[in-house]
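Notes to accompany the following structure.
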Amino acid sequence: MLDSTMASRKKHSEPTSNLRVAVRIRPMNGTERSEKCTNVVKVDKGKQAIELKGKSFGPFFRTYDPDTTQEEIYSDLVSSQIKKVIAGFNCTVFAYGQTGTGKTFTMEGGRTDAKSSTDDPTTGIIPRAVEDIFEQLERCGCEEYSLRVSYIELYNEELFDLLASTDNEDRERLRIFDDPNKKGVIVSGVEEVPVRNRSDVFKLLQLGAEKRRTAATLMNMHSSRSHSLFMVNVVIRENTTTGEELVKQGKLNLVDLAGSENIGRSGAQGNRAKEAGSINQSLLTLGRVIRLLTTNGQHIPYRESKLTRLLQDSLGGSTITSLIATLSPSSSNFEESQSTLEYAMRAANIKNKPVCNTKLSKKTILKEYSDEIEKLRRDLRAAREKNGVIISQESHDEFQKNSEKVQELEQHLDNAVDRLRIFTEDQMHMDEQYRQLYERKGELEDRLRDRIREMAVKEKELADTNDVLNKHIEVIGLMHTSALKAFDQLTTSQGAADEMQTDLRAFWRKVDEMERADDRNKIVIDHFSKKMSDFIDTTSKLTNSLKADGDLLSKKLSENICPHVKSMESAHRDIESTAMDMETHAICIMKKSSEAEKKVIDNMTAISMENRIRLETVMKTCDDFYKSYSAKSQEFTQMVVDKLDEVKKQVSDFTEDMKPLVSTLHQTTCDSYEARTNESKKNVEHVRAACSSMADSMKALMLQVEQLSTKVAENHEKQVIADQNNQETILDTLNTAETVVQSLEDNIVETCDVKQEMDDTKKTLKQTDAKQENHIQVEKERAEEKENEVKVALKSFSDEAEATRGEAREFSNTLKSRFSATSEKCKVTGELVSDCTKKATDELSSLLDEFTKSTIVVTKESAAVVNSVVLVHVDPSVNVPQRILPSFPLVSELNQPVEPEVLLGFGEGNDDFDTDELATKKRRVTSFVRRDSLLETTNNFLSPSSIIKRREQAIEEEEDFEN
């Protein structure tokens, strides 16, 4: 906590309380949106907690989402502390968080030209707090007070005064001293500027913001490179009942910490990197202090950083403290946000014990300053009076310590003198305020006495006027009552006359209505009789015409259809003859197909049996070859086993590898043979099914023959390919075996000298290979011969199928031509019959439509005539008033209004009363009464604006108005 210059003793305290910690989330910025970052922070205002990627932090004192305004944050956190400052407490509000999360915006605001928070909703906590202090001081009636503000900057562990008149380069570094009496720290040389109103504070805040060090980084275009402390010192003078003057002091510290920064992400280099390191170091020390305070550490390292020394009383001391932690919602800042929330969670557990500063009298303060200055002077004098002599090293060291102590005492003396000067200036300012208030009080008392005398005279005149006015009001009331009675009588007479006039008009309307009804009924009856006669004549004519047209149409239809019936019977006989020829030709084609099927089956069976025998022969030959080769390998292995164990192992492995290879070859050949056998059976079944389905229709027969030819060709190609694959497999196997043997031979020759045995083995293998190659060549030739035979058989079968297709195609064309001729004939006949039928139907439909339309028209006309026949009946007793004469007052019953002079009490013998004046008042009163009566009568027929306008018109005092 910073120095409280007048609060040397503290007496009133409040219960121990934790730091009030709030968390504010800023909105996503343009850079984060362009990088497609996601929002990983959720605010739970019900639980006052923050959820970061599913992990919950809290509860906190308050949590604010991106939509929260500056006013809401100030009302929740700072507004209540302003009252505590005015009551004499010390309060601190500081913002902590990653760089670019809105700490400076929260504390200072948008930095616009607005002069109050009502003009700019982005105004920060600092200008709102100072504005609120002035408002509350004015609201509570404090007339003698003093406000001083100071603004310091902590940059690279050096303190600078932001309100100093020097430039940034020439600014003097401030020093910090411990104050053992007040258990705090003193910032030496800081300038405290007195302020008189809100505008002074805004100017100082703008001046400090311009001098504060900021720079652009990759994460923030206006990154604060230093911590700032804005201090407001409030001194209020009060008078006791005994006339003694007491002074109370409160202090508000508003701290804007620089943001924690990742140098790699921010791109800081050179001085920027040094600044970031200094900022992170001070924040790290602050974090250690908070951690040790929450874990009840034995030693709290306040002195490791100037930031923690300045905030010493705010963390675990006697100050009311609030912390605002700012976060970024972006996923790219997840680690920094998590660290900030953990920091805030620990800070929420710090306990402070707020203590109110004691109210001191003016004499006590002056005595304390005088005693302190005198003590410092004595210490300084004692240090200066020591003479220079030759001394030892220990004495020299002690002298150096004393010199440093002298400098420190001089600094303390200067600080005490500055505080005394500031207090004297505040006292003079308060005395000047008191003198101005006293003079203003005298002026207000003189003005109050003059107003009291004027009010007494006016009250007497008002009482006399009220007496006269009350008499006039009473007279006007009586005259108004009399006029109302006369008006009621006149209204009753007028109502009776209006009622009689209304009855007379009703009788006249009834007579006219009955005459019009008689004339209308006569016209309707004549029109109805004429329309009914026309309807009967028209209906008779339409019925006779419809009967004649129907008979003529029936006769014409019978004559047109009879010739076409014979043509349809002839076409039927031609179709039956064509069907019989088609059935005979289909039986012939079925016989040829059966013969072709049998021939194909025999050829395929013979080829399959021969292939099977040939494959078995090949398998047996391969088996014998591998058996002999295995025996040779075993003999050779047994012969060289004593010479080289390693060669024995290789040959044994080769023997084991060849056994599954032979088995695989045998199994592959058997599977291929079974597959071809099954495929041949399937082909036979397909041929048989195709031949059996040929009898269904000629078109299906042609399609099946083509499919059969294609299937046989495909099967033959597949069989040839399978035989070639088997031969290639056998050759590959033999080549593999030869390669392995050659490899073994090479290894054996390199390992030991077995030349004679190798020659014998090579000779045997060459003989065996020659025999196997000859056998394979013979088998290839046989396979080619069989393939040629199959091709010849397939060619003959294809020729026969082509001949069959030609016959079927020729017969199909013949049938097609016959069917086309018959179909064309039937089509022509059908079209003729259809045309005749359509013509007859159209004629009949047109006749019926004409008859229907005519009938509908006549029926509608008749219905309209019937509906239009409405006879009007007029009841003579309806809408006729009763034969009762209304009553109204007679002329003799009308009352005459009372004269105004009689009501006012002025008689003929009163000589003091002016006759002309009495006549004028009489005319005016009578005019008012008459005018009010007429206005009330006619106001029912006017709009509200017209009524107001009429009442505002002046009454002209003329004789015509009375009449």
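Going by the working numbering, the first residue of the sequence shown is number 2, and it counts up by one from there. The C-beta atom is built at its ideal place from N, Cα and C for all residues, glycine as well.
Tyr152 versus Ser333: straight-line alpha-carbon distance, rounded: 34 Å
Among residues of its own chain, excluding the 5 on either side of Thr17, which ones have a beta-carbon nearer than 6 Å to its beta-carbon? Lys352 and Lys354
Identity of the residues DSSP links to Leu293 by a beta bridge: None, per the DSSP bridge assignment.
Considering Cα atoms alone, identify which of Leu342, Leu258, Asn350 and Ala349 is closest to Thr309. Leu258
Would you report the Cα separation of Ser81 and Ile321, rounded to the nearest angstrom? Their Cα atoms are separated by approximately 11 Å.
Per DSSP, what kind of secondary structure is Asp372 in: helix, strand or coil? helix
Tell whether a beta-carbon distance below 7 Å holds between Arg238 and Glu145. yes
Mapping DSSP to helix, strand and coil, what is Thr327? strand
If we count the other Cβ atoms within 10 Å of its Cβ and call it buried at 16 or more, is Lys719 buried or exposed? exposed
Stretch-stretch touch, CB-based, cutoff 8 Å, three pairs: the segment 26 to 33 with the segment 59 to 71: yes
Give me the DSSP bridge partner(s) of Asn91. Lys252
Could you pull out every unbroken beta strand (DSSP E) segment of at least 3 residues lying fully inside the segment 137 to 218, listed in chain order? 146 to 156, 159 to 162, 174 to 180, 185 to 189 and 194 to 196
Could you please give me the residues that DSSP links to Ile51 through a beta bridge? Answer by DSSP bridge pairing, in chain order: Val44 and Phe58.
Ile26: first and last residue of the uninterrupted beta strand (DSSP E) it sits in: Arg21 to Ile26
Bridge partners for Cys589 per DSSP, in chain order? Beta-bridge pairing links Cys589 to no other residue.
Sorted by chain position, which residues of the same chain lie with C-beta nearer than 6 Å to Cys92's C-beta, five sequence neighbours on each side aside? Gln82, Lys85, Val86, Leu253 and Ile321
Can you tell me where the alpha helix (DSSP H) with Thr107 in it begins and where it stops? Lys104 to Glu109
Exposed or buried, which one is Tyr75 when buried takes at least 16 other CB atoms within 10 Å? buried
Looking at the unbroken alpha helix (DSSP H) that takes in Thr309, where does it start and where does it end? Lys307 to Leu311
Check whether the Cβ of Glu460 sits closer than 6 Å to any heavy atom of the ligand ATP, and report yes or no. Summarising the ligand content, the structure contains no ligands, and the ligand ATP is consequently not present.
Among the residues of its own chain, which have a CB less than 7 Å from the CB of Leu230, if the five just before and after it don't count? Ile153, Asn254, Val256 and Leu311
Arg238 by DSSP, collapsed to three states: which one? It is a strand residue.
Exposure of Ser508, with buried meaning 16 or more beta-carbon neighbours within 10 Å: Correcting the residue type first, residue 508 is Phe in the shown sequence and not Ser. Label assigned to Phe508: exposed.
Could you check what DSSP says for Val469 in three-state terms: helix, strand or coil? Helix, per DSSP.
Per-residue DSSP class, three states only, for Asn545: helix
Taking just the CA atoms, how far does Thr123 sit from Asp133? 16 Å
Could you tell me the distance, in whole angstroms, from the CA atom of Tyr439 to the CA atom of Ile291? 52 Å
C-alpha distance - Thr167 paired with Gln434, whole-angstrom precision: 32 Å
Strand pairing of Phe231, partner residues [DSSP]: Tyr152 and Leu255
Beta-carbon spacing of Thr341, Leu328 below 7 Å: yes
Report the CB separation of Leu148 from Arg213 in whole angstroms; it is logged as a contact under 8 Å. So it is not a contact: roughly 22 Å between Cβ atoms.
Quick one: give me the first and last residue of the alpha helix (DSSP H) that Arg34 is part of. First-last of the alpha helix (DSSP H) with Arg34: Gly31 to Ser35.
So, under 8 Å CB-CB, Gly94 and Val202 are touching, yes? Tell me the CB distance rounded to an integer number of Å. First, the amino acid is wrong: residue 94 is Val here, not Gly. Contact between Val94 and Val202 does not hold, since the beta-carbon distance rounds to 16 Å and is not under 8 Å.
Examine chain B for any beta-carbon lying closer than 7 Å to the beta-carbon of Arg213, and answer yes or no. This model lacks chain B altogether; it includes just one protein chain.
Is Gly443 helix, strand or coil when you go by DSSP? helix
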